[in-house]
Amino acid sequence: MDNREEIIDGNVVMQASPRWEHSDIVRNLCFVIQRHLSPDCIVYSDNVDLVIDDKTRYIPDLLVTKKENRLPNGKVGGVPKLIVEVWSPDNTTKERLLKKDKYARLGVNQFVEIDYKAKFAINNLLTNGAYYTDKHVVAREDAEFVDDDGNPVEVDRKIHINCINLDVDILDLFKDDVLKYL
477 MDNREEIIDG NVVMQASPRW EHSDIVRNLC FVIQRHLSPD CIVYSDNVDL VIDDKTRYIP
537 DLLVTKKENR LPNGKVGGVP KLIVEVWSPD NTTKERLLKK DKYARLGVNQ FVEIDYKAKF
597 AINNLLTNGA YYTDKHVVAR EDAEFVDDDG NPVEVDRKIH INCINLDVDI LDLFKDDVLK
657 YL
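Add 476 to a position in the sequence shown, counting from 1, and you land on the number used in the working numbering.
Structure representation (structure tokens):
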């Protein structure tokens, strides 16, 4: 199967199958999260539909939800604790903003955006019904930053995953270096 279907405001939208770089990041993050989840929660990656409302159904790259949110039809309802989208160059800015808005209106407390091509991640936390960017991190070993005075600044590549209370170094997800989280 080369494509996946999402339903956005009643319209069927075909999504291209993910590339291996995308799948590696999702697999690695699932590995880390699954080992730290409480027994009443579960992590899903790709190919599980999240029912937003009557006219909208997304397939998030990764979601963490309570097991009780699993629906008899094989889909997931309710409000996930975490959603992660790994963006590719095919994802338009409009699509990214629309999903972010839908997730916020649904009440998803944490939404992490990862761009595997540009190698960065954005951690969004829900406050008063809207997301604010808690952290923007770069997943490159060679990234160097300086402050206003030109002094080197240590690069922080960690994002705190609230539902498991764990800091994850985004670079580890890109490098397949996740065994340290066991």
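Note that the Cβ used here is the ideal one computed from N, Cα and C, for glycine as well.
- Classify Leu547 as helix, strand or coil using the three-state DSSP reduction. Along the sequence shown, read from residue 1 onward, the residue named residue 547 stands at position 71. Residue state for Leu547 is assigned as coil, using DSSP reduced to three classes.
- Item | Cβ neighbour criterion (16 or more within 10 Å) applied to Arg633 | Taking the sequence shown and counting its residues from 1, one reaches residue 633 at position 157. It counts as buried.
- For His498, the first and last residue of its enclosing alpha helix (DSSP H): Position 22 of the sequence shown, counting from 1, holds the residue named residue 498. Where His498 is concerned, the enclosing alpha helix (DSSP H) stretches over Trp496 to Gln510.
- Counting contacts by CB-CB distance shorter than 7 Å, is Glu482 in contact with chain D? Absent from the structure is chain D; it holds one protein chain and no more.
- Query: Can you tell which of Ile484, Pro494 and Val508 has the C-alpha that lies nearest to the C-alpha of Asp653?
  - Reply: Residue 653 sits at position 177 when you count from the first residue of the sequence shown. Here the closest residue by C-alpha is Val508.
- Task: Could you check if His612 is buried or exposed, using at least 16 other CB atoms within 10 Å of its CB as the buried criterion?
- Result: Counting from 1 along the sequence shown, the entry for residue 612 is found at position 136. Exposed is the call here.
- Query: Taking the alpha helix (DSSP H) that Ile646 falls in, what are its first and last residues?
  - Reply: What you label residue 646 is simply residue 170 of the sequence shown in a count that begins at 1. Ile646 to Lys651 is the extent of the alpha helix (DSSP H) around Ile646.
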